[in-house]
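Colleague: My structure is below; once you've seen it, I'll send some questions.
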Amino acid sequence: RKFLKDKNTIYTYDSELLKKITPSIQNRDYPFNLKKLDYYQNIFCSVIVDESNNSKLNKAVDSLFEDIKIFSNNFDEAVHFCEELFLLIISCFFKTFEHNSLTAGDIIKFCNTMQLKKSKIWLELKTSCFKSLKDLKLIIINKISYKSDTIIMKVDKLLSEDCSLITLQSVADAIGLNPTYFSILFKQKSGKNFKDYVFDYKMEIAKQMLLDPSIKIYEISKKIGYPDSNYFSKVYKKYTGFTPSEFRNSI
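When we follow the working numbering, the leftmost residue of the sequence shown carries the number 2, and every step to the right adds one.
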């Protein structure tokens, strides 16, 4: 992200930069508390894609304003912080849907409804933030609903084609979503973490393949993405209570 502090100065930052800068550099050179921006961006992005009621959003706003009164020097700085936070959240979702249905027009329309600068007191700013976040949530939920309804089917199709090299990143790319938000949506729809879902799928495929005595155990291990057959035996036993050999012999 880049933003202008004044006409002649451009500040840049990202998640990696946050890990590298020292507190002294952060306090001296940057107008905003970058760790707080990064933290609250992640909090609100997660809450926004949650299809439940707005209670979590309300709690997140309460937490933000309890915090912001501590680290901001004055009210104007708090307003600027909120504006920058909103830009981060919006740009993140715009990137998430850049090849899909969230358009620049959606973003411009939303930005025009924000009333942060008109706020004169803390309560007005907090109320404005909550309303803007609630409006953004409606936009995002409407945009992702058509994807989330078929997300399990798409994942199952990719797994059936080749589960050996499947990763969160590769599936998110194939579906056209940011990995973070794909992960959140997937858990909402499936009730499982993506990693656990893929693991269970692989173990069930291994079970079916073990029924065929002509397929070697090391071949099954490789087929489902475990080059080390010894490691495959360990995870299979953890899943079923039997090693692959014991399972096959019990048939």
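The beta carbon of each residue, even a glycine, is placed where N, CA and C say it ideally should be.
(1) F66: which of F248, S129, L178 sits nearest, CA to CA?
(2) How is the alpha helix (DSSP H) around S161 delimited, first residue to last?
(3) Helix, strand or coil for S64 per DSSP?
(4) How many angstroms separate the CA atom of G242 from the CA atom of K37?
(5) Between L89 and Q42, which are expected to be in contact by the criterion C-beta below 8 Å, what is the C-beta distance as a whole number of angstroms?
(6) Check the C-beta distance from Y202 over to L160 and give it rounded, since I have them as a contact under 8 Å.
(7) For F233, does the count of other Cβ atoms within 10 angstroms reach 16, so buried, or fall short, so exposed?
(8) Going by CA-CA distance only, name the one from Q189, K70, D157 that's closest to I176.
(9) Starting from T241 and walking both ways along the alpha helix (DSSP H), at which residues does that stretch end?
(10) Taking the straight line between their C-alpha atoms, what separation do you get for Q209 and K239?
(11) From I142 to C46, what distance separates their C-alpha atoms?
Modeller: Well, looking at it:
(1) As a first step, residue 66 is located in the sequence shown; it is residue number 65 there, counting from the start. The candidate whose alpha carbon is nearest that of F66 is S129.
(2) On the sequence shown, position 160 is the one that residue 161 refers to. Residues 152 to 162.
(3) Taking the first residue of the sequence shown as 1, we reach residue 64 at position 63. In this structure, S64 counts as helix in the three-state DSSP scheme.
(4) As a working note, residue 242 is residue 241 in the sequence shown. As a working note, residue 37 is residue 36 in the sequence shown. Cα-Cα distance, rounded: 46 Å.
(5) Indexing the sequence shown from 1 puts residue 89 at position 88. Indexing the sequence shown from 1 puts residue 42 at position 41. Sure, about 5 Å apart at Cβ, within 8 Å.
(6) Locating residue 202 in the sequence shown gives position 201, counting from the first residue. Locating residue 160 in the sequence shown gives position 159, counting from the first residue. About 5 Å; that satisfies the 8 Å criterion.
(7) For the purposes of this step, residue 233 is taken as the residue at position 232 of the sequence shown. Result: buried.
(8) The residue you call residue 176 lines up with position 175 of the sequence shown. If we check each option's Cα against that of I176, D157 comes out closest.
(9) For the purposes of this step, residue 241 is taken as residue 240 along the sequence shown, with counting starting at 1. Element bounds for T241: 230 to 241.
(10) Stepping through the sequence shown from its first residue, residue 209 is reached at position 208. Stepping through the sequence shown from its first residue, residue 239 is reached at position 238. Going by the C-alpha atoms only, they are around 17 Å apart.
(11) The residue you call residue 142 lines up with position 141 of the sequence shown. The residue you call residue 46 lines up with position 45 of the sequence shown. Each residue's alpha carbon lies about 12 Å from the other.
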